[in-house]
Each structure stands twice: as structure tokens, then as C-alpha cells.
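Worksheet: the structure to be examined is printed underneath.
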Amino acid sequence: MAVLIAIEIFINITSYLRENVIHIKVVLATAFMAVARKVIVLDYNNVSSDYVFATAALLLALAVAYWLAVVKNPSIESPGEL
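If you count by the numbering used here, then the sequence shown holds residues 17 to 98, one letter each, in order.
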């Protein structure tokens with residue numbers, strides 16, 4: 017997953033340099049993937065419940081933001097759709 021996150025960051029940078037515009041869909045997808053990776057590798061025996069709830073709240077906020085930006089506003093396009 018680290019490689020996928022690096023590829024997404026590369027796409028973010030190249031699209032910004034090409035068009036001088038930040039594409040919110042790609043940025044949100046990258047953030048969502050990075051936090052999801054953190055959840056996957058998280059050792060739940062060594063973290064507090066507050067940390068787990070904060071991570072869940074962050075994932076929920078990113079999911080809502082992605083839904084609002086992409087589903088509710090289909091005119092948003094991301095560069096280099098794969």
C-alpha cells in the first residue's frame with residue numbers, strides 16, 4: 017500500500033505542476049488510502065481507545081468529504097484516470 021500511496025502523491029504533484037490546480041478527488045483518495053493503511057498496520061493491543069476512536073472519526077470525515085466532493089458533485093474530474 018505504501019507504493020500505491022507514493023504513486024497517488026506523484027499523481028497529485030504532476031497534475032498540480034501541469035495544470036496549477038489541486039484536484040480534490042485525488043487528494044482525498046490519497047489521504048483515505050494513507051489512513052486506511054495506518055488502520056491495517058495498527059497494533060490494537062498497544063494503543064488507547066481514544067486513538068482508535070480518533071482514527072475512526074478521521075476515516076469517517078474523509079469518507080464524507082470524498083462522498084460530498086465526488087458523488088454529490090460529479091463534475092469534479094481527476095487527472096490521469098486509471
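Glycine included, C-beta positions come from ideal geometry on N, C-alpha and C.
Values in this document were obtained by computation on a predicted structure and should not be read as measured data.
Alanine 45 counts as buried, since no fewer than 16 other beta carbons sit within 10 angstroms of its beta carbon.
By the neighbour-count criterion, in which a residue is buried when 16 or more other Cβ atoms sit within 10 angstroms of its Cβ, isoleucine 29 is exposed. Shown here, methionine 17 sits in coil according to DSSP, grouped into three states, outside any helix or strand.
In the displayed model, lysine 88 falls within coil according to three-state DSSP, outside both helix and strand.
In this structure, DSSP gives isoleucine 38 a state outside helix and strand, which the three-state scheme calls coil.
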